[in-house]
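Novice: For the sequence shown, full-length UniProt numbering begins at 1 and goes up steadily by one.
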Amino acid sequence: MANTEVSYKKEFYKNNHLNYFMSILVVIANAALQIAIAFILEILIDVARKGDITEFWRDLTLAGIVMGSTILASILRKIFINRYIKRALNQYKNKVFQKILDKNINSFNKEASSTYISAFSNDLTSIEQNYLVGNINLVLQCSLFIGGLAAMAYYNWKMLLVTLATSTLPILVNAILGNRLTTAEVKVSDKNAAFVALVKDLLTGFPVIKSFKADKDIFHIFVSKNDELEQTKKTRRDVTNNIEILNSLAGLVVELTIFGLGVYLAITGAITVGVVVAFIQLLNYVLGPINAIGPALANRRAAEGLIKKIETIAEASNTTSGTITLPSFSNSIAYKNVSFGYTENTQTLKNINVKFEKNKSYAIVGSSGSGKSTLLNLLLGYHNSYEGAIEIDGHELRDISVDSLYDMVSMIQQNVFVFNNSIAENITLFRDFDRESIDYAVSCAGLSKLIDEKGIDYKCGENGVNLSGGEKQRISIARCLVRGTPILIMDEATAALDNETSRQVEDAILKIKDLTRIIITHKLYADILTNYDQIIVMNKGEVIEQGSFDELLDKKGFFYSLYSVTNSNDYVSEEVS
Numbered sequence: 001m002a003n004t005e006v007s008y009k010k011e012f013y014k015n016n017h018l019n020y021f022m023s024i025l026v027v028i029a030n031a032a033l034q035i036a037i038a039f040i041l042e043i044l045i046d047v048a049r050k051g052d053i054t055e056f057w058r059d060l061t062l063a064g065i066v067m068g069s070t071i072l073a074s075i076l077r078k079i080f081i082n083r084y085i086k087r088a089l090n091q092y093k094n095k096v097f098q099k100i101l102d103k104n105i106n107s108f109n110k111e112a113s114s115t116y117i118s119a120f121s122n123d124l125t126s127i128e129q130n131y132l133v134g135n136i137n138l139v140l141q142c143s144l145f146i147g148g149l150a151a152m153a154y155y156n157w158k159m160l161l162v163t164l165a166t167s168t169l170p171i172l173v174n175a176i177l178g179n180r181l182t183t184a185e186v187k188v189s190d191k192n193a194a195f196v197a198l199v200k201d202l203l204t205g206f207p208v209i210k211s212f213k214a215d216k217d218i219f220h221i222f223v224s225k226n227d228e229l230e231q232t233k234k235t236r237r238d239v240t241n242n243i244e245i246l247n248s249l250a251g252l253v254v255e256l257t258i259f260g261l262g263v264y265l266a267i268t269g270a271i272t273v274g275v276v277v278a279f280i281q282l283l284n285y286v287l288g289p290i291n292a293i294g295p296a297l298a299n300r301r302a303a304e305g306l307i308k309k310i311e312t313i314a315e316a317s318n319t320t321s322g323t324i325t326l327p328s329f330s331n332s333i334a335y336k337n338v339s340f341g342y343t344e345n346t347q348t349l350k351n352i353n354v355k356f357e358k359n360k361s362y363a364i365v366g367s368s369g370s371g372k373s374t375l376l377n378l379l380l381g382y383h384n385s386y387e388g389a390i391e392i393d394g395h396e397l398r399d400i401s402v403d404s405l406y407d408m409v410s411m412i413q414q415n416v417f418v419f420n421n422s423i424a425e426n427i428t429l430f431r432d433f434d435r436e437s438i439d440y441a442v443s444c445a446g447l448s449k450l451i452d453e454k455g456i457d458y459k460c461g462e463n464g465v466n467l468s469g470g471e472k473q474r475i476s477i478a479r480c481l482v483r484g485t486p487i488l489i490m491d492e493a494t495a496a497l498d499n500e501t502s503r504q505v506e507d508a509i510l511k512i513k514d515l516t517r518i519i520i521t522h523k524l525y526a527d528i529l530t531n532y533d534q535i536i537v538m539n540k541g542e543v544i545e546q547g548s549f550d551e552l553l554d555k556k557g558f559f560y561s562l563y564s565v566t567n568s569n570d571y572v573s574e575e576v577s
């Protein structure tokens with residue numbers, strides 16, 4: 001993980017060295033100019049005691065030059081730091097998001113979506129302020145500290161030694177409490193992620209909450225989790241405030257000690273009043289950094305903890321993809337003695353042996369929980385921990401690269417996600433397809449009427465809020481058809497459509513030439529099922545029957561019972577309606 005961490009941090013500086021170097025250079029120049037102000041004060045006070053007006057105007061001119069240079073340095077500092085931060089964050093976020101996109105679906109689903117959201121919001125805000133901006137500020141504070149000590153040594157080494165001795169107090173405070181702040185920051189990040197997850201779930205389930213009149217119970221849950229988050233944030237603030245208070249007290253001790261010593265030396269004639277004033281000014285550039293560097297380092301360590309956390313999220317559990325690239329799908333898909341369970345103690349699939357031949361149509365039917373979706377999820381590479389073998393044209397699925405697999409397979413899912421973009425962009429998923437392919441997909445998916453009414457550039461809204469469930473499902477179907485892959489998988493994709501549209505869509509898909517279709521369906525219509533080359537019947541994780549529609553009816557087995565019950569219920573529903 002250490003090497004990975006370094007590679008991620010490199011994104012902050014890649015093609016960004018000039019901005020970073022100039023930011024550091026200008027910050028150091030800014031620190032030098034601030035220290036120069038102490039010398040200006042000393043000169044002006046001492047010249048006032050002398051009463052030399054000529055020397056006064058000369059020193060005032062010098063003060064004007066320092067002030068002008070400070071303004072220029074401040075402008076340059078703003079320009080280069082902003083450029084550096086912008087590019088650093090752009091590149092880092094791009095790197096993290098690309099790594100997340102590189103995950104397989106199973107690895108991605110091991111983290112809650114709120115964890116990713118929190119990483120790109122709360123955590124990155126902390127990294128920006130406490131790591132990127134914090135590093136620049138550390139350079140400024142260190143430059144002020146070193147420059148202040150050098151100037152003190154120039155004026156009076158005795159006062160410098162006393163300053164160094166008393167300055168150990170705030171350093172000890174930061175050393176003792178710094179690790180507590182790091183721990184508190186990571187806890188806040190974790191609680192934030194959990195809170196975001198809760199709010200996301202509650203808002204997503206708003207219709208359910210209202211319809212079941214669960215408002216009060218849900219509110220109590222929200223109040224409890226909100227209190228946990230704010231208590232964690234309060235703990236972090238308490239640690240921060242304790243550091244600040246103790247630093248202030250330690251700084252006051254140092255300041256009074258140095259001021260008392262300076263007055264004594266001025267009375268004895270060892271130094272001038274101007275030097276005392278300059279020393280007090282320089283003390284700000286020593287005490288300020290001492291008070292700031294400790295918390296800044298603690299915040300930096302906390303931000304590094306968040307960087308490690310984000311890198312862990314981006315890198316974790318991503319199983320290595322196969323390397324075989326298949327030029328095309330030419331023969332068959334075969335499940336050979338395949339068993340699989342989501343946990344060690346349960347088996348969702350048991351000793352599956354099925355074969356899907358090229359350009360044929362297969363319907364998978366069975367009761368709820370029989371393993372139909374899991375069977376197809378394995379083919380899509382969601383899980384690699386199955387027993388037995390799944391082969392595509394004789395090649396083990398685990399040895400085939402993910403890119404090659406998805407070049408051959410498209411899946412129409414029951415739960416459709418629609419982006420807040422146009423219908424066209426949701427069909428093409430922002431890729432370029434010729435108009436003929438898009439029109440063909442639109443026609444087969446039954447989207448022609450919607451597009452005629454609203455246009456293909458109609459905005460779908462967040463997760464398709466401007467569309468009906470059936471319209472979203474049709475977009476999902478068109479999304480798969482436009483790709484033209486040789487294998488099409490449907491997981492009860494027509495469940496949200498009315499019976500007539502469902503028949504039309506399924507019939508259109510079955511008529512497509514040069515396409516291997518594997519379709520999970522619960523709508524058992526004889527006129528549709530007779531068009532399938534084979535029907536695979538599942539129950540309790542096993543394939544218990546296979547054959548054509550007529551063959552399965554003649555057997556009068558499980559499929560016969562399922563078909564009879566389903567069609568009886570459909571008949572009753574139609575009579576009632």
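Cβ atoms here follow ideal geometry from the backbone N, Cα and C, with glycine treated the same way. All values reported here derive from a predicted model rather than from experimental measurement.
Which two residues bound the contiguous beta strand (DSSP E) that contains residue 337?
Specialist: Numbered from its first residue, the sequence shown carries residue 337 at position 337. Taken as a continuous stretch (DSSP letters only), the beta strand (DSSP E) holding residue 337 covers 332–340.
Novice: Exposed or buried, residue 125, counting other C-beta atoms within 10 Å across all chains shown (16 or more means buried)?
Specialist: For this step, residue 125 is matched to residue 125 along the sequence shown. Flag for residue 125 reads exposed.
Novice: Looking at residue 94 and residue 370, is the spacing between their C-beta atoms short of 8 Å?
Specialist: Mapped onto the sequence shown, residue 370 falls at position 370. Mapped onto the sequence shown, residue 94 falls at position 94. Result no, Cβ atoms of residue 370 and residue 94 do not sit closer than 8 Å.
Novice: Look up residue 534 in the DSSP assignment and say whether it is helix, strand or coil.
Specialist: For the purposes of this step, residue 534 is taken as the residue at position 534 of the sequence shown. The answer is strand: DSSP assigns residue 534 an E or B state.
Novice: Let me know the secondary structure DSSP gives residue 103 once reduced to three states.
Specialist: In the sequence shown, the residue the question calls residue 103 occupies position 103. Three-state result, residue 103: coil.
Novice: Tell me the DSSP secondary structure of residue 431 in three-state form.
Specialist: Taking the sequence shown and counting its residues from 1, the one referred to as residue 431 is at position 431. Three-state DSSP puts residue 431 in coil, outside helix and strand.
Novice: How about residue 491 and residue 414: are their beta carbons less than 8 Å apart?
Specialist: Along the sequence shown, read from residue 1 onward, the residue named residue 491 stands at position 491. Along the sequence shown, read from residue 1 onward, the residue named residue 414 stands at position 414. Against a cut-off of 8 Å, the Cβ pair of residue 414 and residue 491 comes out as a contact.
Novice: Can you give me the C-alpha to C-alpha distance between residue 533 and residue 224, rounded to a whole angstrom?
Specialist: Position 533 of the sequence shown, counting from 1, holds the residue named residue 533. Position 224 of the sequence shown, counting from 1, holds the residue named residue 224. Looking at the two C-alpha atoms, the distance is approximately 56 Å.
Novice: Taking three-plus beta-carbon pairs below 8 Å as touching, is the stretch 434–452 in contact with the stretch 395–410?
Specialist: The stretch 434–452 is not in contact with the stretch 395–410.
Novice: Is it the case that the stretch 328–338 contacts the stretch 375–395, given that we only count it when at least three CB pairs across the two stretches are under 8 Å?
Specialist: Yes, since at least three Cβ pairs between the stretch 375–395 and the stretch 328–338 fall closer than 8 Å, the two stretches touch.
Novice: Residue 379: which of 168, 261, 408 sits nearest, CA to CA?
Specialist: For the purposes of this step, residue 379 is identified with residue 379 of the sequence shown, where counting begins at 1. Ranking the options by Cα distance to residue 379, first place goes to 408.
Novice: Measure the CB-CB distance between residue 433 and residue 482 and report whether it falls below 8 Å.
Specialist: To locate residue 433, count along the sequence shown from 1; it is residue 433. To locate residue 482, count along the sequence shown from 1; it is residue 482. For residue 433 and residue 482, yes; Cβs fall inside 8 Å.
Novice: My understanding is that residue 12 touches residue 88, with C-beta atoms under 8 Å, so please give their C-beta distance in whole angstroms.
Specialist: Position 12 of the sequence shown, counting from 1, holds the residue named residue 12. Position 88 of the sequence shown, counting from 1, holds the residue named residue 88. Residue 12 to residue 88, Cβ: 4 Å. Contact.
Novice: Pull up the CB-CB distance for residue 364 and residue 536, whole angstroms please, since I reckon it's below 8 Å.
Specialist: Counted from its first residue, the sequence shown places residue 364 at position 364. Counted from its first residue, the sequence shown places residue 536 at position 536. Contact holds; Cβ gap of about 5 Å.
Novice: In whole angstroms, what is the alpha-carbon distance linking residue 145 and residue 34?
Specialist: Stepping through the sequence shown from its first residue, residue 145 is reached at position 145. Stepping through the sequence shown from its first residue, residue 34 is reached at position 34. Taking the straight line joining both Cα atoms gives about 11 Å.
Novice: Can you tell me whether residue 113 is buried or exposed? The criterion is at least 16 other CB atoms within 10 Å of its CB, across all chains shown.
Specialist: Residue numbering aside, residue 113 sits at position 113 when the sequence shown is read from its first letter. It is exposed - the Cβ of residue 113 has fewer than 16 other Cβ atoms within 10 Å.
Novice: In this structure, how does DSSP classify residue 579 when only helix, strand and coil are distinguished?
Specialist: This structure cannot settle anything about residue 579, because the visible part of the chain is limited to 1 through 577.
Novice: Using 8 Å as the cut-off, can you tell me whether the stretch 40–59 makes contact with the stretch 272–291, which would need three or more C-beta pairs spanning the two stretches below that distance?
Specialist: Yes, the stretch 40–59 touches the stretch 272–291.
Novice: Quick one: using the 10 Å Cβ neighbour count with 16 as the cut-off for buried, is residue 372 buried or exposed?
Specialist: By 1-based counting over the sequence shown, the position of residue 372 is 372. With 16 or more other Cβ atoms within 10 Å, it is buried.
Novice: How big is the Cα-Cα spacing for residue 70 and residue 254?
Specialist: Your numbering for residue 70 matches position 70 in the sequence shown. Your numbering for residue 254 matches position 254 in the sequence shown. Computed Cα separation, rounded: 28 Å.
Novice: Tell me the DSSP secondary structure of residue 351 in three-state form.
Specialist: Locating residue 351 in the sequence shown gives position 351, counting from the first residue. Three-state result, residue 351: strand.
Novice: Tell me the DSSP secondary structure of residue 360 in three-state form.
Specialist: On the sequence shown, position 360 is the one that residue 360 refers to. Note: residue 360 maps to coil in three-state DSSP.
Novice: Just confirm the distance between the C-beta atoms of residue 475 and residue 426, as a whole number of angstroms; I'd bet it's less than 8 Å.
Specialist: The residue given as residue 475 occupies position 475 in the sequence shown. The residue given as residue 426 occupies position 426 in the sequence shown. That pair is a contact at about 5 Å.
Novice: If you drop the 5 nearest sequence neighbours on each side, which residues of the same chain put their C-beta closer than 8 Å to that of residue 498?
Specialist: Counted from its first residue, the sequence shown places residue 498 at position 498. Closer than 8 Å at the Cβ level, and outside the excluded window around residue 498, lie 470.
Novice: Pair every Cβ in the stretch 154–174 with every Cβ in the stretch 240–259, then say whether three or more of these pairs are closer than 8 Å.
Specialist: Verdict: yes, contact present.
Novice: By DSSP, does residue 345 sit in helix, in strand, or in coil?
Specialist: On the sequence shown, residue 345 is found 345 positions in, with the first residue counted as 1. It is coil, neither helix nor strand.
Novice: Exposed or buried, which one is residue 472 when buried takes at least 16 other CB atoms within 10 Å?
Specialist: Numbered from its first residue, the sequence shown carries residue 472 at position 472. Looking at its Cβ environment, which holds 16 or more other Cβ atoms inside 10 Å, residue 472 is buried.
Novice: To the nearest angstrom, how far is it from the Cα of residue 116 to the Cα of residue 108?
Specialist: Locating residue 116 in the sequence shown gives position 116, counting from the first residue. Locating residue 108 in the sequence shown gives position 108, counting from the first residue. When rounded, the distance between both Cα atoms is 10 Å.
Novice: In chain order, what residues of the same chain lie with their CB nearer than 6 Å to the CB of residue 19, ignoring the 5 residues before and after it?
Specialist: As a working note, residue 19 is residue 19 in the sequence shown. Excluding positions up to five away in sequence, the list reads 80, 83, 84.
Novice: Given a cut-off of 8 Å, decide if residue 31 and residue 140 are closer than it, judged by their beta-carbon atoms.
Specialist: Taking the first residue of the sequence shown as position 1, residue 140 is located at position 140. Taking the first residue of the sequence shown as position 1, residue 31 is located at position 31. Yes; because the gap between Cβ atoms is below 8 Å, this pair is in contact.
Novice: If contacts are defined as beta-carbon pairs under 8 Å, then residue 134 and residue 300 qualify, I think. What distance do you get, rounded to the angstrom?
Specialist: The residue given as residue 134 occupies position 134 in the sequence shown. The residue given as residue 300 occupies position 300 in the sequence shown. Indeed they touch by this definition, with Cβ atoms about 5 Å apart.
Novice: Could you check whether residue 356 and residue 486 sit closer than 8 Å to each other, using their CB atoms as the reference points?
Specialist: Here the question's residue 486 lines up with position 486 in the sequence shown. Here the question's residue 356 lines up with position 356 in the sequence shown. For residue 486 and residue 356, no; Cβs fall outside 8 Å.
Novice: Residue 161: buried (16+ other C-beta within 10 angstroms of its C-beta) or exposed?
Specialist: Residue mapping note: residue 161 aligns to position 161 of the sequence shown, counting from 1. Per the 10 Å Cβ criterion, exposed.
Novice: With a CB to CB cut of under 6 Å and the five nearest residues on each side skipped, what residues in its chain are close to residue 246?
Specialist: Here residue 246 refers to the residue found at position 246 when the sequence shown is read from its first residue. Contacts found: 173.
Novice: Apart from the five residues on each side of it in sequence, which residues of its chain come closer than 8 Å, Cβ to Cβ, to residue 457?
Specialist: The sequence position of residue 457 within the sequence shown is 457, counting from 1. Within the same chain, residue 457 has close Cβ partners 422, 423, 424.
Novice: Name the DSSP beta bridge partners of residue 543, please?
Specialist: Residue 543 sits at position 543 when you count from the first residue of the sequence shown. 538, per the DSSP bridge assignment.
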